[in-house]
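One structure below.
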Amino acid sequence: MATKPLLGVIADDFTGASDMASFLVKGGMSCIQINGLASTHKQTLNSDAIVLALKTRTVAVEQALEQSLQALEFLLEQGCQYFYFKYCSTFDSTAKGNIGPVIDALLARLNLVQAIICPALPANGRTVYQGHLFVYQQLLSDSPLKDHPLTPMADSRVAELLRPQVAPAYQQAIEHLSIDDLNAKQLNPSQQQARYLICDCINQQHLSQIAQLIAQQPAMLLTGGSGLAEYMAQLLTARGNTLSQQHQCAVKPLPQPVLIIAGSCSKATREQIAEANALPQFCVDPVKLAKGELKLKHILDWIHQQQAPAVLVYSSQAPEQVSQTQQLLGQQNIAEKIENLLAQTAVQSKASNIVVAGGETSGAVVSALNISSFNIGPSICPGVPIMQSNDQRAISLALKSGNFGDKHFFNQALSLIQQLGAQA
Numbered sequence: 001m002a003t004k005p006l007l008g009v010i011a012d013d014f015t016g017a018s019d020m021a022s023f024l025v026k027g028g029m030s031c032i033q034i035n036g037l038a039s040t041h042k043q044t045l046n047s048d049a050i051v052l053a054l055k056t057r058t059v060a061v062e063q064a065l066e067q068s069l070q071a072l073e074f075l076l077e078q079g080c081q082y083f084y085f086k087y088c089s090t091f092d093s094t095a096k097g098n099i100g101p102v103i104d105a106l107l108a109r110l111n112l113v114q115a116i117i118c119p120a121l122p123a124n125g126r127t128v129y130q131g132h133l134f135v136y137q138q139l140l141s142d143s144p145l146k147d148h149p150l151t152p153m154a155d156s157r158v159a160e161l162l163r164p165q166v167a168p169a170y171q172q173a174i175e176h177l178s179i180d181d182l183n184a185k186q187l188n189p190s191q192q193q194a195r196y197l198i199c200d201c202i203n204q205q206h207l208s209q210i211a212q213l214i215a216q217q218p219a220m221l222l223t224g225g226s227g228l229a230e231y232m233a234q235l236l237t238a239r240g241n242t243l244s245q246q247h248q249c250a251v252k253p254l255p256q257p258v259l260i261i262a263g264s265c266s267k268a269t270r271e272q273i274a275e276a277n278a279l280p281q282f283c284v285d286p287v288k289l290a291k292g293e294l295k296l297k298h299i300l301d302w303i304h305q306q307q308a309p310a311v312l313v314y315s316s317q318a319p320e321q322v323s324q325t326q327q328l329l330g331q332q333n334i335a336e337k338i339e340n341l342l343a344q345t346a347v348q349s350k351a352s353n354i355v356v357a358g359g360e361t362s363g364a365v366v367s368a369l370n371i372s373s374f375n376i377g378p379s380i381c382p383g384v385p386i387m388q389s390n391d392q393r394a395i396s397l398a399l400k401s402g403n404f405g406d407k408h409f410f411n412q413a414l415s416l417i418q419q420l421g422a423q424a
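Using full-length UniProt numbering, the first residue of the sequence shown is number 1, and each one after it goes up by one.
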């Protein structure tokens, strides 16, 4: 029997979407991830939650608003009752970014007066304390995220990251929910009247407390990272009107080998590449690519020559190399060339199991593969599930935000895919 989805999620990138979907499933909801607005008309939906993956994190504000509002209309048409705007747990948005404008637009369309701002994801070391974002023990502005090639994070104060993005009339309507406030289990009058309520959160218990506090309030727009998703899913599931876990679609084993593609330049991804040194690796040289000396055929020929359970193709560079490359070749131009090359590698290799590191790269790969939607399977690590396409060509993918996972991630991904294969 079909059921209308309870929760609709708009994610500003593809890795964030799968991250979100994995925690909703962990919280007990059935979930489908839809990839882009063009795929919405293809869907027959029977799930508790819909995660609609967009690629709006770094596009022009006008484009982000248009796509996000179109996504919201689709979710409203499906009957969703609760709404969540998913962005990165490290904010990943400059003063001219899209988080504030999209929140304002969604509030207006839904006729809501308050948004919860909860980027925290303690399972991956992303916490908020006294309104400051931390990556493990480091302030965000002291962490490797300060060197992000597209969205360098020079400030750790969530309010000051958000303030320049929202409409001037609302720039003083930001309040802070502290740990003490959470323990008090109620909002004070100024918090109740705030347009944007930034939540401190340093552990899983705090996420549960935030979810319970939200449940006591009038309707709010939920926004932030994926951490809160698990606990909101638990609350919504406990109220009934959700499908049982048995309705969640299993991921079927597919023929190996595994193609690993890394486009992220994060410290975490570079460490993961180094740790996976037992695998055959192909490094994409951006200068050779720009000069036309490196072509897709070279990579495909190399892949087909390998006799290994997995191969790794990467373009990741250290910050100083990224800076030199951008100065020499231009930031936007070379980034697009690399994304297109890696995406076509995924398509033309004909691989059935693909692991991708990097949000922009993941979006390019999924778009090039023209996958309309995914079922959500087991997770390699928190926030990175193995997903399987609902399209005619069966493909399993794992899309990893560049900063997720420990140094063993690629080896862990290969191990889980092999385990699934052994169950066939």
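A virtual CB, placed ideally from N, CA and C, is assigned to each residue, including glycine.
Open item on the list: Tell me the DSSP secondary structure of residue 377 in three-state form.
Closed with: The answer is strand: DSSP assigns residue 377 an E or B state.
Task: Simplified DSSP assignment, three categories, for residue 384 - done: strand
Open item on the list: Do residue 413 and residue 380 have their beta-carbon atoms positioned less than 8 Å apart in this structure?
Closed with: yes
TODO: Out of 315, 226, 70, state which residue places its alpha-carbon closest to the alpha-carbon of residue 201.
DONE: 226
- [ ] May I ask you to report which of helix, strand or coil DSSP gives residue 82?
- [x] Three-state DSSP puts residue 82 in a strand.
TODO: Have a look at the DSSP bridge pairing and note the partners of residue 157.
DONE: 132
Open item on the list: So, at 7 Å on beta carbons, what are the nonlocal neighbours of residue 228 in its own chain, with the 5 sequence-adjacent residues on each side left out?
Closed with: 118, 207, 210, 211, 222.
TODO: Report the partner residues of residue 57 according to the DSSP bridge assignment.
DONE: Beta-bridge pairing links residue 57 to no other residue.
TODO: Please state whether DSSP places residue 223 in a helix, a strand or coil.
DONE: strand
TODO: Kindly give me the distance between the Cβ atoms of residue 420 and residue 253, rounded to whole angstroms, as I take these residues to be in contact under 8 Å.
DONE: 5 Å
Task: Cα-Cα separation between residue 404 and residue 315, rounded to whole angstroms - done: Cα to Cα, residue 404 sits roughly 17 Å from residue 315.
Task: Close Cβ partners of residue 164 (< 6 Å) along its chain, the five nearest in sequence each way excluded - done: The beta carbon of residue 164 sits closer than 6 Å to those of 95, all from its chain and outside the five residues before and after it, given in chain order.
- [ ] Alpha carbon to alpha carbon, how far is residue 280 from residue 92? Give it in angstroms, no decimals.
- [x] Their backbone Cα atoms lie some 32 Å apart in a straight line.
Task: Nearest neighbour of residue 131, chosen from 378, 160, 143, 65 [CA to CA] - done: 160
Task: Euclidean distance between Cα positions of residue 175 and residue 53 - done: Looking at the two C-alpha atoms, the distance is approximately 29 Å.
Task: Alpha-carbon spacing of residue 364 relative to residue 282, whole angstroms - done: 19 Å
Open item on the list: Helix, strand or coil for residue 400? Go by DSSP, reduced to three states.
Closed with: strand
Open item on the list: If contact is defined by three or more beta carbon pairs under 8 Å, each pair taking one atom from either stretch, is the region 357-374 in contact with the region 9-28?
Closed with: The region 9-28, when compared against the region 357-374, does touch it at the 8 Å Cβ threshold.
- [ ] Spell out the partners DSSP gives residue 8 in its beta bridges.
- [x] 50, 83
Task: Contact between the region 344-356 and the region 282-301 (3+ Cβ pairs under 8 Å) - done: When C-beta atoms of the region 344-356 are compared with those of the region 282-301, three or more pairs fall below 8 Å, so the two segments count as touching.
Task: Top-ranked residue by Cα proximity to residue 238, from 75, 215, 306, 268 - done: 215
Task: residue 203 versus 191, 170, 124, 144, residue with shortest Cα-Cα distance - done: In terms of CA proximity to residue 203, 124 leads the group 191, 170, 124, 144.
Task: Integer-rounded CB distance, given that residue 100 should sit under 8 Å from residue 166 - done: Their Cβ separation, rounded to whole angstroms, is 4 Å, which keeps residue 166 and residue 100 in contact under 8 Å.
- [ ] Please determine, among 142, 90, 73, the residue with the shortest C-alpha to C-alpha distance to residue 109.
- [x] 73
Open item on the list: Quick test of your reading: residue 115 and residue 231, contact by CB under 8 Å. State the CB separation rounded to the nearest angstrom.
Closed with: The Cβ separation is near 17 Å, so there is no contact.
Open item on the list: My output table needs one value for residue 428: the three-state DSSP class, helix, strand or coil.
Closed with: The requested residue 428 is not part of the displayed model; the chain covers only 1 to 424.
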